[in-house]
Amino acid sequence: FEDDMENPQGPQQRPPLLQQCCNELHQEEPLCVCPTLKGASKAVKQQVRQQGQQGQQMQQVVSRIYETATHLPRVCKIPQVSICPFQKTTPGPYY
Amino acid sequence: PAGPFRIPKCRKEFQQAQHLKACQQWLHKQAMQSGSG
Numbered sequence: 304f305e306d307d308m309e310n311p312q313g314p315q316q317r318p319p320l321l322q323q324c325c326n327e328l329h330q331e332e333p334l335c336v337c338p339t340l341k342g343a344s345k346a347v348k349q350q351v352r353q354q355g356q357q358g359q360q361m362q363q364v365v366s367r368i369y370e371t372a373t374h375l376p377r378v379c380k381i382p383q384v385s386i387c388p389f390q391k392t393t394p395g396p397y398y
Numbered sequence: 263p264a265g266p267f268r269i270p271k272c273r274k275e276f277q278q279a280q281h282l283k284a285c286q287q288w289l290h291k292q293a294m295q296s297g298s299g
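Sequence lines, in order, name chains A and B.
Just so it is clear: in the first sequence, position 3 is 306 by the numbering used here, and no numbers are missing.
Just so it is clear: in the second sequence, position 27 is 289 by the numbering used here, and no numbers are missing.
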């Protein structure tokens, strides 16, 4: 499974979708990368919720969303930005 | 004069359906692929 997307010295073998994402992030102001990524993460969270994800599974998916978004600046080698230290939100009960 | 720092309005143009669309798709894909574990 060759998916070394965090390999800073590896070749540009990123999936096309990730490459597009990196291109989008490079168009952002460095100071705006993390706030914008946070907004995107919230949007994705809403999409997942609309798909019917609930309970603990929903929390795991949300954690993955923010975890992935946190490291995207480093993966995409955004200048002046390494990671986005998103704060964990406290999701409401999903019963 | 204004303050020493001026925070750009990063979210002023944020549109959930358009902004960072590829990143949203990537985040969604990664999150859903890691369902098991």
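For glycine and all other residues, C-beta sits at the position ideal for the given N, C-alpha and C.
Only exposed fits A:Lys380, as fewer than 16 other CB atoms lie within 10 angstroms of its CB.
By the CB criterion at 7 Å, B:Ala284 and A:Ile368 fall outside the cutoff.
No Cβ-Cβ contact shorter than 7 Å links A:Leu320 with B:Gln286.
Listed along the chain, the chain B residues whose CB falls inside 7 Å of the CB of A:Ile368 are Leu289 and Ala293. Interface criterion met: the Cβ of A:Thr371 is under 7 Å from a Cβ in chain B. In the structure shown, the three-state DSSP call for A:Val364 is helix. Contact between the region 349-359 of chain A and the region 370-379 of chain A is not established, with fewer than three Cβ pairs separated by less than 8 Å. In the three-state scheme derived from DSSP, where H, G and I count as helix and E and B as strand, A:Val384 is classed as coil. Judged by their CB atoms, A:Lys348 and A:Val365 are nearer to each other than the 7 Å cut-off. Straight-line spacing of the CA atoms in A:Arg352 and A:Gln316 works out to 31 Å. Taking C-alpha positions only, A:Val384 is separated from A:Gln350 by approximately 27 Å.
Think of a sphere of 7 Å around the beta carbon of A:Val384: no beta carbon from chain B falls inside it, the nearest being about 12 Å out. In this structure, the alpha-carbon of A:Gln330 lies about 11 Å from that of A:Gln323.
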